[in-house]
Structure formats: C-alpha cells, structure tokens
Amino acid sequence: DSRCLRRVAAEDFAEQCEAATRITGLLLARSASTAPGSALAGDLLAVRLQQVQYEDYGSGLLRNITSSWLAGGCVASTVSAASLSATSSCGQPSPRSLSLFSSLGGQGLVCRGWLKAVTYTVRHSTAQPGTIEAVLAAITVTDLPVLPAAAGRQLERQSFSVQFVSSSNSQVSAANGNLDTRQRSGNPGYVVGKPVLFGHASTANKVVYPASGGLQVPSPLSPFNAANPQGFGSGACPLTFNDTTGLTQVLFGRDMAAGCTARLSISELEAVCCQGSQYCSPGTRQFSQLSDDSGVPFFLAFSPGVVGIYGSADPLDSSQWLPLEYTAPLDLARRWDPLTSTCYNMYTGLNIRLLVASTGEAIYPQNKIVAALAELVVEDWTFSLPPLTTAKQAFPLAVAVSFISLPLSSDTAYSPPPPPVLFKVPYDVFYPFTVNEASPSRMPCGYATYTSMALLLLWLLS
C-alpha cells in the first residue's frame, strides 16, 4: 500500500486525466520464467477491470459505476467546468461539487474519471505453483478540477495497493483454517490509520465473522437516491425507512465525529419523542419514521459486536477479540411536555470509546485495544418556534469516536529499607516461661533469664 502526491498542471492535465483508461493495457508475466519480450498468448496476462467506484469530489461519497464503465459508456476525459452536467451514468456530482466547479470560471477544467486509487488483486494458482492465473483491478475515480491560478502547484493524492489471493477451491471449514478471508490492520499491533477490526462472534463454532471494512459508524453522506436528489450531500438525517445511511470507517488512533440534522415540525417532534415510550399518553402516541420501535433514531442505529485486540486478530480464534459493549440509558421517562413543547430524555447521540495501550518493546511498541464501549446519549429537545406554525426546526444528531490511551508504565527500582541493628522480639517470645523477678538474695536475675532461655532452646530442639 503506497500513497503519493501528483503534481497537476493545466498544460498536461489532459494526458494525466487518461491514466484510468490505461489500467487494462497492462500486461504481466504468468510466471517468473517468462522470457523478456515474449509475445506468446499463454505467457502474458492482461489486467482485467473488476470494480469501478465513483467518489464525489465535494462529499467523498462512493458510488458503484462498474456496469456503466465496462459497457464503454465512461471514458476519462477533460471537459469544461461550465459544461459539466449532474446527470451521468459515470457518476453524478453533488450540488456542492457543481457549485465548486462553477466557481472556477470559464477557464476551469475538470477531469471526469481522474484515477484516485487502484487496488490490484493477483490470483496465484495452486495447481501450478509459481504461476499467476489472473490479475484484477479495482479503481476509484472522481471529478478533479484544475485551478488555473495554481500554475503547477496543485497536488493531488493517489494511492496504489496490491494483494495476493489463492485460487484454491478447497472446502471451507475450521479445520482448513479458511472459514473467513483474513483482514489485517497490523502485525501484530495496530497501525495508526488502519481500520479497526470488527465482526460478530459465533457461539456455535467459536469463530468471528469479520465485517467488510471493519468498524463503521453512520455518516451524514447518504448514498445517492434518484428519488430524492436534493438530499444528496445535504447532511440531512434519514427520515423514512427507505432512506439509507452512509457509513464511515473508524481508523485506529483517529478520533472522529459525524452528525446530521433532522428538520421537524412540532407534531413530528412529538411523534419522535413518543415513539416507543410508555410515558406518553396513548392519545398522543404517533408513528414516526425517524426512529425505530424503541425510539432510537436510525442515524444512531448500532449493532454490537467484537473488535480485534490486535491488528492481526485471527477470526478463527475468538480469544483474540473482545466485545464492544453497548449500553443504552436506563428508562429515563422519555416524555413530551405540551406546555413547554419539550421532549425530555431524547436519544441524540452515540459515543464510542476505545481504550488503547502500547505493549511489547519500548522502542517498537505494538498497539492493542484494551476495552471498547458504545453508549447512547440523551438530551432535551425544545421546539422554540411558535407552536401553531408549520415551520420546521433543525435538531442535531451526532456520533463520536474517541481513542483513549493508557499512560506508559514507569517502573522504578524498589529498595527495601535496611534492617535495624538491634532487632526487636515480641514481648511474649518466652511464653509459657516467665522471668523470675525475685530479690538478688534468693536468685540472681541474670541466672533466671539464662535458665529460661536454655529451657526454651531445649523445647524448640526437642
């Protein structure tokens, strides 16, 4: 996995724009013994395009356009920013992107199909060791504007990665160790910036089924919906069951926050407040599509699971994973007050906290996750507009992820205090013997003491 910064200039912008079309023109040798310059059909393999995703320039939202690209309807080309249209099967720019492109003026250029990322998948043969069966490419393209005033100083980030997979068709089983394709975010410790491993544990066979993309949280960047194009890139919360919520990866060591805005009228706020609440009178309970039956908004929906302790956690060993505890607030009497137009104890946020620590050598420590917790947050929502108005008020929902680091242990050498020169013994050390305190005329005190000590030694030695 490598990343680079490419210098973009207007004079060679058209040539750089066509990089995405050259992916399928690459040829690879089937084996290491292939002679240089060989033209035999069986010695060379052409890269095949497996997946094409379009990333919106203004929002970063991804959309699959593989079918349109493979059908030949998409060609990387340079167009004028003023002539860019939002209706295209090769990626539909959001209103925010179109606004950014139009601000470039008449001299602005936009590359439709700029290559932003490519992942090569090399499939090696198990029947013929040392040979390659196929090479697949998954690319991400976007609409990239070039700024005329940059004059060669515009830098754009590109990423390239290669992964190797086996073509083995062996039976999938726990004995063969191939129940799931293993994904790593470090070896063994987490690498900062890599996805946090996440999955769901199976109690039947004690394995973990990892989720593709790792731990993900809701994002306000919802996928494009042709039935509601105005909502694309607007940051609005999903208000119906048909609306889908975008997802964002949680990267290790990177705190993040995401939010959306729910615009509600006073009747809609009352319906959201009383959804699934027993503290609202039956006459005021209404159906709301903003939240589920328990009253939790869909934007805050979260499925509990397990996270990998280390970045190389094995899905076939559940002991290498720890549960992501999910706690909902207790019954806090979520209710609607018509006098103040206030919803008390409304679910408004989701906080995910990951406790991390560094283990192993001090020079090259390995990052691990010690504990994980997700909890819902409640607040009071008050409708501040006039009660008889039909206008809608904006209410925020938020999701936050934070990494909390344990402090490094500072071990110091412990030196116990030196023993005293004259040691002390308990007062009853000579029990059951007593010291004779008679007068010197009858028996010397020292003689009685020595006699008692002698008897004690004899008793201990017997």
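Position 376 of the sequence shown, counted from 1, bears residue number 1017 in our numbering, the numbering being contiguous throughout.
Idealized CB from N, CA, C, for every residue including glycine.
Treat the numbers as computed from the prediction; the structure is a model and nothing was measured.
Exercise. Does the beta-carbon distance from L668 to L690 come in below 8 Å?
Worked result: With respect to L690, L668 sits apart: the two C-beta atoms are not nearer than 8 Å.
Exercise. Going by alpha carbons, who is nearest to Y1005 out of S843, G827, T662?
Worked result: Checking every option, the nearest Cα to that of Y1005 belongs to G827.
Problem set entry | Nearest neighbour of S800, chosen from S721, S932, R647 [CA to CA] | For the residues S721, S932, R647, the minimum Cα distance to S800 belongs to R647.
Exercise. For V948, which residues of its own chain have a beta-carbon under 7 Å away from its beta-carbon, when the five flanking residues on both sides are left out?
Worked result: Beyond the five residues adjoining it in sequence on each side, V948 comes within less than 7 Å, by CB distance, of V837, L838, F839, L856, W962, L963, L965, I1010, A1013 in the same chain, given in chain order.
Problem set entry | Straight-line gap, C658 to V649 (C-alpha atoms, nearest Å) | If you draw a straight line from the Cα of C658 to the Cα of V649, it comes to about 10 Å.
Exercise. Cβ of R895 within 8 Å of Cβ of G952?
Worked result: Against a cut-off of 8 Å, the Cβ pair of G952 and R895 comes out as no contact.
Problem set entry | Whole-number beta carbon distance between S735 and D697, since they are thought to touch under 8 Å | Indeed they touch by this definition, with Cβ atoms about 5 Å apart.
Problem set entry | Segment limits, beta strand (DSSP E) that includes V1040 | Residue range 1034-1046 is occupied by the beta strand (DSSP E) that includes V1040.
For this session: In the DSSP assignment, find the beta strand (DSSP E) that holds L622 and state where it starts and stops.
Result: The requested residue 622 does not occur in the structure, where the chain is confined to residues 642 to 1103.
Problem set entry | Beta-carbon gap between V913 and G990 smaller than 8 Å | G990 is positioned such that its CB atom lies no closer than 8 Å to that of V913.
For this session: Could you check which residue in V858, D1021, G900, T889 has the C-alpha nearest to that of G876?
Result: Taking each of V858, D1021, G900, T889 in turn and checking the Cα distance to G876, the smallest one comes out for G900.
Exercise. Three-state secondary structure (DSSP) at E656?
Worked result: Helix.
Exercise. Could you give the distance in angstroms between the alpha-carbon of S1025 and the alpha-carbon of D784?
Worked result: S1025 and D784 have their alpha carbons spaced roughly 42 Å apart.
For this session: Ignore the nearest five residues each way along the sequence and tell me which others in T1031's own chain have a CB closer than 8 Å to its CB.
Result: The residues are S906.
For this session: Enumerate in chain order the residues of its own chain whose CB-to-CB distance from D955 is below 8 Å, with the five nearest sequence positions on each side excluded.
Result: Cβ neighbours of D955 beyond the five flanking positions: R823, Q961.
Problem set entry | Backbone CA spacing between A670 and H765 [nearest angstrom] | Using only the alpha carbons, I get a separation of about 12 Å.
For this session: Measure the Cβ-Cβ separation of V803 and V832 and say whether it is below 8 Å.
Result: V832 sits away from V803, with the two beta carbons spaced by 8 Å or more.
Problem set entry | Straight-line gap, T1000 to L1047 (C-alpha atoms, nearest Å) | So the two alpha carbons sit approximately 11 Å from each other.
For this session: Could you spell out the range, first to last residue, of the beta strand (DSSP E) harbouring L801?
Result: One detail in the question is off: residue 801 reads as Phe in this sequence, not Leu. Unbroken beta strand (DSSP E) run through F801: 795-807.
Exercise. Taking the beta strand (DSSP E) that L856 falls in, what are its first and last residues?
Worked result: Careful: L856 lies outside any beta strand (DSSP E) and carries neither H nor E.
For this session: With E1002 as the anchor, note down where its beta strand (DSSP E) starts and where it stops.
Result: From DSSP, E1002 is part of no beta strand (DSSP E); its letter is neither H nor E.
Exercise. Is L1017 near V937, with beta carbons less than 8 Å apart?
Worked result: L1017 is a Cβ neighbour of V937, given a cutoff of 8 Å.
Exercise. Name the DSSP bridge partner or partners of Q1007?
Worked result: Answer by DSSP bridge pairing, in chain order: T1000.
Exercise. For R671, which beta-bridge partners are listed by DSSP?
Worked result: Answer by DSSP bridge pairing: none, since R671 is not bridged.
Exercise. Does the beta-carbon of V759 have 16 or more other beta-carbons within 10 angstroms, so that it is buried, or is it exposed?
Worked result: Flag for V759 reads buried.
Exercise. Is DSSP giving S982 helix, strand or coil here?
Worked result: Coil.
Exercise. Counting along the chain, where does the alpha helix (DSSP H) carrying P736 start and finish?
Worked result: Element bounds for P736: 736-743.
Exercise. Pick from D653, G701, K1065, Q1034: whose alpha carbon is nearest that of R737?
Worked result: The shortest C-alpha separation from R737 is found at G701.
For this session: With a 10 Å radius around its C-beta and 16 neighbouring C-beta atoms as the bar for buried, classify N1008 as buried or exposed.
Result: Counting Cβ neighbours within 10 Å, N1008 comes out buried, since at least 16 surround it.
Exercise. Taking C-alpha atoms, which residue in L996, N986, A655 lies nearest to V787?
Worked result: The candidate whose alpha carbon is nearest that of V787 is A655.
Problem set entry | Member of Q769, C715, L741 whose CA lies at the smallest distance from the CA of R753 | Closest in C-alpha terms to R753, from the list Q769, C715, L741, comes C715.
For this session: Starting from T1030, trace the beta strand (DSSP E) both ways and give me its first and last residue.
Result: In the DSSP assignment, T1030 falls outside any beta strand (DSSP E) and carries neither an H nor an E.
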